[in-house]
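First up is the structure itself, then whatever we jot down about it.
In my numbering, the protein residues as written are 722 to 1073.
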């Protein structure tokens, strides 16, 4: 077997063995394991630097997929289930997990020092994996002139069809407020009030009969291509990769996008901690990280890699200032403080 094929073959073995995307010790024999969001995002990481890491080091790498949630990581650590090593997490998972001792500290000396990275991507327990945005997109073959902002996303009379939304309060509540006329700069000041939360849920009430909820962002290209939804919340990379690889005609709308950083973390007690740090250092080398936008449009964290990047590859990413002119920076601290309460309310509302 060629080393370049080892990642995908091992990953497939785990999916077949468990049927759930998880990996048993007997199947995996406890190789170094990295966990991402799946789909085109995971393929991009594999092509940019995971495969080269296997070739360069001879270390066998196992992949797994998850859909987020600090509770998943808490359960693994508390149960002593050390079957994951490196995990791609969102900002509030990074903050909470670090506070709770779920992650190993990052060895910044191995990465060239904190100053080598843009400030938002630097944390004691994590290093920026990619800079991303949540926005919405549609299939221009089905809808040549689609919505241009969140108010129009909500307008099912002018733009008929079902809407795809992630089944979480995060992002969904922010987008509902923008659809109701709140300016991006004011979203979190409004959402921090009980009246603002009520306002967001009232706006969601309007769209609920037309909503298709998804749990994994990798579902969105298929939902749009099949016509199950006319418009969907998404990340730009998923749709733009489908345009390039599958000949789709998806369009993305940056107005009112929410942008943030995902991070690589090492789970506490990882028996592969040294190898995990070795892989993170490999990913964060400028000559390796700069390859990532060739496979999926995304912003980078290493300053030298950003300087090396072809300007054309910045166009459809948060690294393009034009895409942030009417945008919202994710307030991770808000979600650290309010996630549990708002998730309970959101789940109860969605179940009605």
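We put the beta carbon where it would ideally sit given N, CA and C, even for glycine.
Nearest C-alpha to residue 988 among 939, 772, 804, 908: 804. Restricting attention to 1043, 829, 1004, the CA atom closest to the CA of residue 778 is found in 1004. The beta-carbon separation of residue 945 and residue 1052, rounded to 28 Å, does not stay under the 8 Å limit for a contact.
In this structure residue 882 is in contact with residue 950, their Cβ atoms being roughly 7 Å apart against a cut-off of 8 Å. Listed in chain order, the beta strand (DSSP E) elements of length 3 or more contained wholly in the stretch 769 to 828 are 782 to 786, 807 to 810. Taken in chain order, the complete beta strand (DSSP E) segments of 3 or more residues contained in the stretch 941 to 977 are 952 to 955. With a 10 Å radius around the Cβ and a threshold of 16 neighbouring Cβ atoms, residue 801 comes out exposed. For residue 931, there is no enclosing beta strand (DSSP E), as DSSP gives it neither H nor E.
Here the alpha carbons of residue 768 and residue 1009 stand approximately 10 Å from one another.
When only Cα atoms are considered, residue 889 and residue 965 end up about 29 Å apart. Only buried fits residue 851, as 16 or more other CB atoms lie within 10 angstroms of its CB. Pairing residue 1011 with residue 980, the inter-Cα distance amounts to about 20 Å. Minimum Cα-Cα distance from residue 1067 among the listed residues 1020, 923, 993 corresponds to 923.
For residue 1061, no beta strand (DSSP E) segment is defined; the enclosing uninterrupted segment is the alpha helix (DSSP H) at 1053 to 1072. For residue 908, the secondary structure class from DSSP, reduced to helix, strand or coil, is helix. Take the alpha-carbon of residue 952 and the one of residue 929: they are about 14 Å apart. The residue from 786, 829, 772 with its alpha-carbon nearest to that of residue 806 is 786. Assignment of beta-bridge partners to residue 887 by DSSP yields 935. Excluding five sequence positions before and after residue 1022, the CB atoms of its chain that fall closer than 6 Å to its own CB belong to 838, 839, 842, 849, given in chain order. For residue 861, the three-state secondary structure derived from DSSP is coil. Distance from the CA of residue 968 to the CA of residue 866, rounded to the nearest whole angstrom, comes to 19 Å. Residue 1060 holds the alpha-carbon nearest to the alpha-carbon of residue 792 among 833, 765, 1060. By a beta-carbon distance limit of 8 Å, residue 823 contacts residue 798. Their separation comes to about 5 Å. Contact holds between the stretch 934 to 944 and the stretch 755 to 774, because three or more Cβ pairs, one in each stretch, are under 8 Å apart. Scanning its chain for C-beta atoms nearer than 7 Å, with the 5 sequence neighbours on each side dropped, one finds around residue 828 the residues 998, in chain order. One alpha carbon belongs to residue 996, the other to residue 846, and they sit about 16 Å apart. Residue 880 sits in coil when the DSSP states are folded into three classes, being neither helix nor strand. Around the beta carbon of residue 776, fewer than 16 other beta carbons lie within 10 angstroms, which makes this residue exposed. The beta carbon of residue 973 is closer than 8 Å to those of 856, 857, 858, 955, 957, 960, 961, 1037 in its chain, skipping five residues each way along the sequence. Between the beta-carbon of residue 977 and that of residue 933 there is about 20 Å, and that puts the pair past the 8 Å contact cut. The DSSP-derived three-state label of residue 760 is helix. Taking each of 894, 872, 835, 877 in turn and checking the Cα distance to residue 915, the smallest one comes out for 894.
Within the same chain, Cβ atoms closer than 7 Å to the Cβ of residue 1057 are found at 813, 816, 817, the five residues on either side in sequence being excluded.
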